[in-house]
Amino acid sequence: MPRERAAEFTIDHVQALDEAGNADPDLLPDLSTAELRDLYRNMRRARRFDERAVALQRRGEIGTIAPAIGQEAVQVASAAALSEGDWMVPSFRESAAYLTRGVDPHLLLWYAMGMEEGAAVPEGEHTMPPSIAVGSQTLHGAGLGWGQAITGDDDASLVFFGDGASSEGDAYEAFNVAGVFDAHTVFLCQNNRYAISVPRERQTRAETIAQKAVAAGIDGVQVDGNDVLGTYKVVSEALEQARQGEPVVVEALTYRRSMHTTADDPSVYRTPEEEAEWAKRDPIDRYEDYLREEGVLDDDAVAEIEDDVEEELEAAIERAREGERDVDPAEMFDHAFAELSPWLADQREAFERHE
Amino acid sequence: MSDQRNIVEAVRGTLRAELARDDDVIVYGQDVGRNGGVFRATEGLIDEFPNRIYDTPVAEAAIVGTGVGLAAHGLTPVPEIQFSGFAHQAFHQIQQHVSRLRSRSRGTLNCPMTIRAPAGGGIRALEHHSESFEAGYAHTPGLKVAYPSTPADAKGLLTASIRDPDPVVFLEPTRLYRAVRGEVPEGEHVVPLGEANVVETGDDVTVVAWGAMRREAQRAADGVDADVELIDPRTIVPLDTDAILDSVRKTGRCVVVHEAPKTAGMAAEITARINDEALMYLEAPVERVTGYDVPFPLYAREEAYMPDPERIRAGIERAMDY
Ligand SMILES: Cc1ncc(C[n+]2csc(CCOP(=O)(O)OP(=O)(O)O)c2C)c(N)n1
C-alpha cells in the first residue's frame, strides 16, 4: 500500500498597494476617482470618529468602546464592496464599517452610551447589531447566506470576526455549514494580531487563518488588510463568488494600533518598537500617499475632507447628547417580547412605582 | 372531525400543515430529512417539501445560530435539536442572540424561531438524553417555552409557536411520544401560548404538572382520597399564573410536580407566585414533588429519580394532612 498525498492546499496572499505606495495594476480594483476619494474620506471619518469617541469615553460621556484605529482600510474597503441588498454582520469593533455602510454616527455613540436605540436597525436596512460574544456572529452570517441561497437571491452576506474569534467553535461551524448549504457568505477575519493581550501566534499554530476554510471545503485567501485597494478587490471578488453559492474566508492582515478597548492598557503586552513599526504602515497614510501621487488628492482636497468630517462629527455628538436626555428606563420592558405580557406589564408597573 | 393520533404524529402533521401554509417556514436539523428524524417527527416531509427540509451537520450551535440569520433574512426557522440535552451546545446562541435579538434591535429585528427538542426521561436512554431544562429557558428573558403533554396540545401549541413572532423553545416529552394517543382536531387548531388546561376540576387540592409528569399526576390523582384539580400549564413561559392562583384560592392547597431538579426549578417559581398573590388562601405549604439535585441518572436509576404516582400521591397527602 503506497502512502499517497490525499489533499493539498495553498493560500494566496494579495497586496495591490505596497507600503511605499507602489501599485500592481493587475490587482487594482476598477474604481472611479470619486469612489477612490470616498474610500479615503470614509477612512478619515472613521479614524476621527474613534479618536473623538475615545476622548468622549475618557471624559465619561460614553461607555467602553473598542476602537478600530489602524483597521480602517479593511473595514472601509469591505463595507464599500457591499451592495445595498447585501447583509453586513459586524462584531464589536466595526465603527469604520458601520460608518461606511451609511449608519449615522450618532447611533454608534448612542450604543456606546448604553442605549439600545443605537443598535436598532432601520426597517429594510441590512446591517445587524453588534455581537459582543466573540465569534457568535459568524453563524448569523452563515444563516443569512444560507437564507439567501434558499430564496435564490443575488445578495450576499459579509461577516466580520477577529483572529481570536477564529478559535471559537462557532467559527468552524459557520464555515462548515456555509459550505454544506452553498451560503452566500463571506467570512472576513480582521487579523489585527491580538485578541486582547494574546498574540496571533498563541491563537493557533496554523500558518494562516485563511486556511481554516480548507477544512470546511471552502476557499480561503489572505490579503494585506492595510491596503484598502487590495482588500476592496479581494472582498469584491469573494462577494461575487459567494453570490454563486461559494462561501469564502478572507483573512485581512492588519494591526490594532490603539487599545483593545478603552479599558485596556496595551503597554502590558506589546512594545513601543512594535507599535512604531506598525505606525509606519498606517493604512490611511499609505493610501493618501498613493492618491496624491495619482493626482486624486491635494492639500486642498484633504483639508476640505477634514473640515467636513469634523463638522459631521460635531453634529453627531450633539445629536447623541440630545437623544440621551430622552432615555426612558421603563422602555426596557417593551422589546423583550412582541407583546407585553400581563406578567411583564405588572413588573413594568412595579418598576414605575419604584417597588 | 378529529382523529386518534400520538404526539409524534401530531407534531409531524402540524409541521406539514405549517410548511404548506407558509412558504417561509424552513425545517432543519440532524437527520430530519431522509431519515425523518430519530423519533420520526419529520418523516416523509422531505418528499413533500424537497426544498424546505434540510439535514444539517452535527452542530447545534450552527443549527440555532444560523436560525438567527435565517430569521433576519425573513424566513421562519423551525429547527429540531435531536435531544434537548444537546441544546446546551447551542445555549449560548439561544441566550445571547435568539432571546435578545428583539431587545437589542429595539424591535426592528425579531427571531420567530421555534426550536423543537425531545425532553425528559423515562425512555432508558443514554446520558444527556433525558434532560428537562425548562427552568433554564424560563430564566432567559425573551424566550417562550412550550411543553405539551397530549397530541392535541402538541398540535395546538406547535401551531401557535411557529406563528408566534417571538422565539419558542418547544419541548416534546419523549416518554409520551408514542405512549399516549388522543383526539387531535382536524384543520386549524391553535392553543394560545400562556393558557393553562384545567385537566380535572376538584375542590381539595391543586396539582400542577406538565410534560410527561401530567400523566403521572393524573394517575396519582386517580388513587388518592382527595378531590384533585389538575392543571397543565402547557407553556412554562408565559405561565398562566392566573389559572393556578384561581385554583389555589379555591382549594387552599397546591402540589407542583416536575421531573427537573428541585433547586431553582419551576416549582420554586410557582410557589413564589402563590406566596405573592394567594398566601392567605393557603391551608398548607406548597408541596414540591420533583427530580433530585443530582445529574439525571443512567437508566438503572431513572425510575428512582423521576416523580411517580406514588411520590405524587404522598405529596398530595402531605398537603391534605397539614
Ligand atoms: C465568547 C466570548 N469570550 C470572551 C470574550 C471577552 N473578549 C472580548 S474581545 C476578546 C478578544 C477578541 O479577539 P479578536 O476576535 O481577535 O477580536 P479583536 O478584539 O482583536 O478585534 C475577548 C476574549 C467575549 N466577548 N466573548
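One line per chain: the protein sequences are Y and S, in this order.
Under my numbering, the first sequence has 148 at position 148, and the numbering climbs by one with no breaks.
To convert a position in the second sequence, counted from 1, into my numbering, add 355.
Where is the CB? At the ideal position from N, CA and C, for every residue including glycine.
Output needed for residue i: all residues of its chain with C-beta closer than 8 Å, excluding positions within five of it in sequence on either side, in chain order.
i        : result
GLN359/S : ARG536, GLY537, GLU538 and VAL539
TYR654/S : ARG479 and ALA480
Could you tell me which chain Y residues have their CB closer than 7 Å to the CB of residue i, listed as they occur along the chain?
i        : result
THR397/S : Correct list: empty, because the minimum Cβ distance to chain Y is about 17 Å.
GLY477/S : The premise fails here: GLY477/S is roughly 31 Å from chain Y at the closest Cβ pair, so nothing lies under 7 Å.
Give a yes or no on whether the minimum CB-CB distance between residue i and chain S is below 8 Å.
i        : result
GLN245/Y : The residue you asked about is not Gln; residue 245/Y is Gly in the sequence shown. No, no contact with chain S.
MET43/Y  : no
GLY143/Y : yes
ILE11/Y  : no
LEU139/Y : yes
MET113/Y : no
GLY147/Y : yes
VAL431/Y : With chain Y running from 1 to 355 in the structure shown, residue 431/Y is simply not present.
ASN176/Y : yes
MET88/Y  : no
LEU150/Y : The sequence as given places Ile at residue 150/Y; Leu does not occur at that position. Yes, because at least one Cβ of chain S sits closer than 8 Å to the Cβ of ILE150/Y.
GLU322/Y : no
GLU123/Y : yes
Chain Y partners of residue i, CB-CB under 8 Å?
i        : result
ASN390/S : None at all; the shortest Cβ gap to chain Y is about 16 Å.
GLY497/S : ALA336 and PHE337
THR645/S : Under the 8 Å cutoff, chain Y gives no residues; its nearest Cβ is about 22 Å from THR645/S.
Who are the Cβ neighbours of residue i in its own chain at under 6 Å, not counting the five residues just before and after it?
i        : result
ALA53/Y  : ILE65
VAL579/S : ARG668 and ILE671
ASN42/Y  : VAL76 and THR100
PRO434/S : TYR383, GLY384, ILE418, GLY422 and ILE470
Say whether chain Y places a C-beta atom closer than 8 Å to the C-beta of residue i.
i        : result
GLN448/S : yes
GLN385/S : no
SER485/S : no
GLN451/S : yes
PRO593/S : yes
LEU481/S : no
GLY620/S : no
GLY537/S : no
GLY440/S : no
PRO520/S : yes
THR411/S : yes
THR590/S : no
Cutting at 7 Å between CB atoms, please list the residues of its own chain near residue i, excluding the five before and the five after it.
i        : result
THR505/S : VAL535 and GLY537
ASP170/Y : GLY135, SER136, THR138 and LEU139
ALA16/Y  : ALA23, ASP24, LEU27, LEU28, ASP227, LEU229, GLY230 and LYS233
GLY358/Y : Given that chain Y is displayed from residue 1 to residue 355, the structure contains no residue 358/Y and the question cannot be resolved.
MET661/S : GLY476, GLY477, GLU614 and GLY646
ALA119/Y : TYR111, PRO129 and PRO130
VAL296/Y : THR33, LEU36 and ARG37
ALA490/S : ALA615, ALA619, GLY620 and MET621
Quick one: which chain S residues come within Cβ less than 7 Å of residue i?
i        : result
ASP170/Y : ALA416 and GLY420
SER136/Y : GLY420, HIS447, GLN448, GLN451 and HIS452
ALA242/Y : The premise fails here: ALA242/Y is roughly 14 Å from chain S at the closest Cβ pair, so nothing lies under 7 Å.
ALA133/Y : HIS447 and GLN451
GLU116/Y : SER458, ARG459 and ARG461
MET356/Y : Any question about residue 356/Y goes unanswered here, given that chain Y covers just 1 to 355.
List, in order along the chain, the chain S residues whose C-beta lies closer than 9 Å to that of residue i?
i        : result
ALA120/Y : ARG459, SER460, ARG461, GLY462, THR463 and LEU464
PRO29/Y  : Going along chain S, no residue has its Cβ under 9 Å from PRO29/Y, so there is no contact; the nearest lies around 28 Å.
Name, please, each residue of chain S whose Cβ falls closer than 8 Å to the Cβ of residue i.
i        : result
PRO266/Y : Simply none; closest approach about 27 Å.
VAL180/Y : THR411 and PRO412
GLU173/Y : PRO412, ALA414, ALA416, ALA417 and GLY420
Against chain A, does residue i count as a neighbour if the rule is that its beta carbon must be under 8 Å from one of theirs?
i        : result
GLY549/S : Checking the listed chains, one finds no chain A in this structure; the protein chains it contains are Y and S.
Using a cut-off of 9 Å between C-beta atoms, extract the partners of residue i located in chain Y.
i        : result
THR596/S : PRO342 and TRP343
Measuring from the CB of residue i, is there a heavy atom of ligand 2 at a distance below 7 Å?
i        : result
ASN191/Y : By its list of ligands, the structure shown excludes ligand 2, since it contains just ligand 1.
Closer than 7 Å, Cβ to Cβ, to anything on chain Y: give me those residues from the region 413–433 of chain S, in chain order.
Within the region 413–433 of chain S, the residues whose Cβ lies closer than 7 Å to any Cβ of chain Y are, in chain order, ALA414, ALA416, ALA417, GLY420, THR421, GLY422, VAL423, GLY424, LEU425, ALA427, HIS428 and LEU430.
With ligand 1 as the reference, list in chain order each residue whose Cβ lies under 5 Å from any of its heavy atoms.
Any heavy atom of ligand 1 counts here; residues with a Cβ closer than 5 Å to one of them, in chain order, are ARG93/Y, ALA133/Y, VAL134/Y, GLY162/Y, ASP163/Y, GLY164/Y, ALA165/Y, ASN192/Y, ALA195/Y and ILE196/Y.
What are the residues of the region 334–346 of chain Y that lie near chain S, defined by any Cβ-Cβ distance shorter than 7 Å?
Result list: HIS335, ALA336, PHE337, ALA338, SER341 and TRP343.
What residues in the region 457–470 of chain S have a beta carbon less than 8 Å from any beta carbon of chain Y?
Listed by position, the residues of the region 457–470 of chain S near chain Y (Cβ gap below 8 Å) are ARG457, SER458, ARG459, SER460, ARG461, GLY462, THR463, LEU464 and ASN465.
Check distances from the C-beta atoms of the region 500–530 of chain S to those of chain Y and list, in chain order, the residues that come in under 9 Å.
Cβ contacts with chain Y: ASP519, PRO520 and ASP521.
Please list, in chain order, the residues of the region 215–228 of chain Y that have any C-beta partner in chain S closer than 7 Å.
Within the region 215–228 of chain Y, no residue has a Cβ that lies closer than 7 Å to any Cβ of chain S.
Under 8 Å (Cβ pairs) to chain Y, residues found in the region 361–382 of chain S:
Per Cβ criterion, the list reads ILE381.
What residues in the region 90–107 of chain Y bring their beta carbon closer than 8 Å to a beta carbon of chain S?
Residues: none.
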